[in-house]
Amino acid sequence: MPLVGFHASHEQLPPSALLDAVVQAEQAGFEAAMCSDHWAPWSVRQGHSGYAWSWLGAALQATSFTLGVVTAPGQRYHPAVAAQKIATLGEMFPERFWAALGSGERMNEHITGDPWPDKDTRDRRLAESIDVIRRLLAGEQVDQDGIVPVHEARLWTRPDAPPALLAAAVSPETAVETAGWADGVITVDQDRAALRDFMQAYREAGGRGPICVQVHLSWAPTDEQAVAIAHDQWRQSLVPAHEAWELEQPEDFDRRTADATPEKVATTLLATSDTGRHRDALLELADTGVDRIYLHHVGQEQRGFIDTFAEHVLPELTAVGR
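Quick note: the sequence shown, position 138, residue 138 per the UniProt record's numbering, numbers continuous.
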């Protein structure tokens, strides 16, 4: 069975409450955690977006399991600065921190005032950034011209072993493109056939390391409440990925999904009070052969979800095959 982790959503909770939640998650039986690195939330209703890297230091100190972050070097973060952050956490918390690298979204990157590149340029910028980060983590001095210039950069503090650098990907095409450099890959839950195609593409292209899946779900004491939570907090799930990359502000996502019904949002994730249905869906996901599953309850109140899943879902997920 795969490792089962907890997703800490900076877009929905203040960092202090999120720190309490990740500590509770470990105590409840979750085996790892992850977060995303956003400048802004997906919706004004979500209302938060703390700085993930400050929070990660506190969360790693307060827990004993592994923690990772999905981040986008190249525009908001110069790759040399990204490498320094990764190296610092890797030195402080050996073998407990990883970073998944992606090409980013306009909503998080536009704040620099630089133009938002087209997808091809973003992909080339990411490839350059990854090369810079890997070379710096290896102890090289880096000096290059490119989409992101680097001038005589070197890391003075490095961990004994560099943290794993995973790829953040959704499509089989991106899985193939990233297989050559990634120490693993993380994607979002999707149709089982599509997920198997994604996994096969990554492995056949030489992809190594764990295949991780982030699962968005909604749980509450009643089905009606679970659906209402999803509708209030996670309706941006209806925006296709290629469009979500291009929207600039949370208000843009709110306008784009203003006519979304609760029933429509509920087609994008499992929203139910029935822990048996959640358990069965996760067991089905585990059967695909993924290595790690990170659960994200899309509500802003996490305590009830953590306690309920610790009692009714995690024991069966972690007991099978171990």
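Note that the Cβ used here is the ideal one computed from N, Cα and C, for glycine as well.
Kindly identify the DSSP beta-bridge partner or partners of Y294.
Note: Y294 sits in a beta bridge opposite G5 and Q214.
Could you give the C-beta distance for P2 and D291, rounded to a whole number, given that I count them as a contact under 8 Å?
With a Cβ gap of about 5 Å, P2 and D291 count as contacting.
Which residues in the same chain as E248 place their Cβ atom closer than 7 Å to its Cβ, once the five residues preceding and following it in sequence are excluded?
So the list reads R106, M107 and H110, once near-sequence residues are dropped.
Quick check on DSSP: helix, strand or coil for L13?
Here L13 sits in coil by DSSP.
Contact check, D232 vs T272 under 8 Å by CB: the rounded distance?
The pair is not a contact, with the Cβ atoms about 16 Å apart (cut-off 8 Å).
Can you give me the C-alpha to C-alpha distance between T71 and H312, rounded to a whole angstrom?
Going by the C-alpha atoms only, they are around 32 Å apart.
Buried or exposed for K119, please, with buried defined as at least 16 other CB atoms from any protein chain shown within 10 angstroms of its CB.
The residue in question, K119, is exposed, as its Cβ has fewer than 16 Cβ neighbours within 10 Å.
Buried or exposed for H7, please, with buried defined as at least 16 other CB atoms from any protein chain shown within 10 angstroms of its CB.
Burial call: buried.
Q84 by DSSP, collapsed to three states: which one?
In the structure shown, Q84 sits in a helix (DSSP, three-state: H, G or I).
What are the boundary residues of the alpha helix (DSSP H) that F198 is part of?
Where F198 is concerned, the enclosing alpha helix (DSSP H) stretches over R192 to E204.
Pick out whichever of P115, E95 and G146 has its Cα sitting closest to the Cα of residue 324.
A question about residue 324 goes unanswered here, because the residues of the chain that appear run from 1 up to 322.
Are the beta-carbon atoms belonging to A168 and G102 less than 7 Å from one another?
Yes. Within cutoff.
Give the range of the alpha helix (DSSP H) segment to which W53 is assigned.
Note, W53: alpha helix (DSSP H), A52 to A62.
Would the beta-carbon of I186 fall within 7 Å of that of A100?
It is a contact, given that the beta carbons lie within the stated cut-off.
Assess, as a yes-or-no matter, whether the stretch 162 to 182 is touched by the stretch 257 to 275 under the definition of 3 or more beta carbon pairs within less than 8 Å.
With a cut-off of 8 Å, the stretch 162 to 182 and the stretch 257 to 275 do not count as touching, because too few Cβ pairs lie within range.
Looking at the ligand SAH, does it come within less than 6 Å of L155, judged from the CB to the closest heavy atom?
Absence of the ligand SAH from the depicted structure is noted, as is the absence of any ligand whatsoever, leaving it without description.
Just to confirm my understanding: we take G321, look at its own chain, exclude 5 residues before and 5 after, and list those with CB closer than 7 Å. What are they?
For G321, the pLDDT reaches just 47, beneath the cut-off of 50, and the residue's location in the model is therefore unreliable, although a value from the coordinates is still provided. Only M1 meet the Cβ criterion.
Name the DSSP bridge partner or partners of G68?
Bridge partners of G68: M34 and W98.
Determine contact between the stretch 150 to 157 and the stretch 77 to 95, defined as no fewer than three beta-carbon pairs at a distance below 8 Å.
Segments in contact, yes.
If you compare alpha carbons, which of A21, A179, E26 and P15 is closest to V4?
Nearest of A21, A179, E26 and P15 to V4, Cα basis: E26.
Give a yes or no on contact between the stretch 40 to 59 and the stretch 113 to 128, applying the rule of three or more CB pairs nearer than 8 Å.
Contact fails: fewer than three Cβ-Cβ distances are below 8 Å.
Please specify which runs of the alpha helix (DSSP H), each continuous and at least 4 residues long, are wholly inside the stretch 215 to 258, giving them in chain order.
Entirely contained in the stretch 215 to 258, the alpha helix (DSSP H) runs reaching 4 residues are, in chain order, 223 to 233, 241 to 244 and 250 to 256.
Would you say G74 and L126 are within 7 Å of each other, going by their C-beta atoms?
Yes, the Cβ-Cβ distance between G74 and L126 is below 7 Å.
For H151, does the three-state DSSP call read helix, strand or coil?
H151: strand per DSSP, three-state reduction.
Would you give the residue range spanned by the beta strand (DSSP E) that V142 belongs to?
Counting along the chain, the beta strand (DSSP E) containing V142 begins and ends at V142 to Q144.
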